[in-house]
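A.B. asks: If you scroll down you'll find the structure; I have some questions about it.
Pasting the structure below:
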């Protein structure tokens, strides 16, 4: 089922990376879930999934997207301006949510959020709610991009780091030097111990939950490294420490 949405604001982070704020009436959702956006009618409907960046109590939906060269939908979304209409799925979906984690005390004291590119969106949605701050003593967002200009929402995340002692931001910028950022990919930072040394925290089975979202290679490599450390995938029938979502 689809509802009509209207673009009420947009922000261009780079010539390809952009955010849209959309006014649309959809069912209540949980931070970390995604919606589908579409242009065109039912007969020629072209739809893609986009994680929601906004908190559930926000009046508008917000998505972070990149216009993929030769993409069928994303370049058209990038062309939208304030007042333009599009179709939005009436309900959000997805299990990359905090309520899917084991209940305390099994959930651990630390939440590690590993993201690449636009997959930072669901974590920003979570951080805009009260829930993670109530559940965990330490929140670490590890945000990986190729170039520093691709770090969307950086001002908001930096402000959060200054105002919330529980929170720290670890950046991974791999194609150029960026002050205060790791110059290696997220899996390499895990494997070498760099991530733990920079954060001053240990990533252990006993007191950590890890949520991984983004590039399938990053997700797969990080998962392998964490499994080697003894962490286990989080399943409803068998609670563990690793929750993941591939972004394409």
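In the working numbering, the protein residues as written are 35 to 282.
Ideal placement from N, C-alpha and C gives every residue a C-beta, glycine not left out.
Take the Cβ of residue 268 as the centre, count every other Cβ of all protein chains shown within 10 Å, and call the residue buried at 16 or more, exposed below.
C.D. replies: It is buried - the Cβ of residue 268 has at least 16 other Cβ atoms within 10 Å.
A.B. asks: Taking the alpha-carbon positions, what's the residue 191 to residue 106 distance?
C.D. replies: If you take the alpha carbons of residue 191 and residue 106, they lie about 31 Å apart.
A.B. asks: Who pairs with residue 43 in a beta bridge, going by DSSP?
C.D. replies: Answer is 55, bridged to residue 43.
A.B. asks: Which one or two residues does DSSP pair with residue 127 in a beta bridge?
C.D. replies: 68.
A.B. asks: So, helix, strand or coil for residue 162, using DSSP?
C.D. replies: Reduced to three states, the DSSP call for residue 162 is coil.
A.B. asks: Less than 8 Å between the CB atoms is what I'm expecting for residue 61 and residue 125, so what's the real figure, rounded?
C.D. replies: That belief holds up - the Cβ atoms of residue 61 and residue 125 are roughly 4 Å apart, short of 8 Å.
A.B. asks: Residue 176 lies in the beta strand (DSSP E); which residues open and close that run?
C.D. replies: Looking at the DSSP string, the run of the beta strand (DSSP E) that includes residue 176 is 172-179.
A.B. asks: Determine the contact status of residue 153 and residue 247, defining contact as a CB-CB distance below 7 Å.
C.D. replies: The answer is yes: Cβ separation under 7 Å.
A.B. asks: Report the option in 73, 204, 41 whose CA atom is closest to the CA atom of residue 213.
C.D. replies: Cα-wise, what sits closest to residue 213 is 204.
A.B. asks: Can you list the beta strand (DSSP E) stretches of 3 or more residues lying completely in the segment 218-259, in chain order?
C.D. replies: Whole beta strand (DSSP E) segments, 3+ residues: 242-248.
A.B. asks: How should residue 104 be labelled, buried or exposed, when 16 other C-beta atoms within 10 angstroms of its C-beta is the threshold for buried?
C.D. replies: Residue 104 should be labelled exposed.
A.B. asks: Expressed to the nearest angstrom, what Euclidean distance is found between the alpha-carbon atoms of residue 261 and residue 58?
C.D. replies: One C-alpha to the other measures close to 41 Å.
A.B. asks: How would you call residue 73, buried or exposed, if buried means at least 16 neighbouring beta carbons within 10 angstroms?
C.D. replies: Buried is the call here.
A.B. asks: Starting from the C-beta of residue 63, find all residues in its chain whose C-beta is less than 6 Å away, skip the five residues before and the five after it, and write them out in chain order.
C.D. replies: Only 90, 126 meet the Cβ criterion.
A.B. asks: Say whether the segment 109-116 touches the segment 143-157, bearing in mind that this needs 3 or more beta-carbon pairs closer than 8 Å, one atom from each stretch.
C.D. replies: Because the criterion of three Cβ pairs below 8 Å is not met, the segment 109-116 and the segment 143-157 do not touch.
A.B. asks: Who does residue 85 pair with in a DSSP beta bridge?
C.D. replies: Per DSSP, 68.
A.B. asks: Give the DSSP bridge partners of residue 202, in chain order.
C.D. replies: Answer by DSSP bridge pairing, in chain order: 174.
A.B. asks: Does the pairing of the segment 125-142 with the segment 263-279 give three or more beta-carbon distances under 8 Å?
C.D. replies: Touching, yes.
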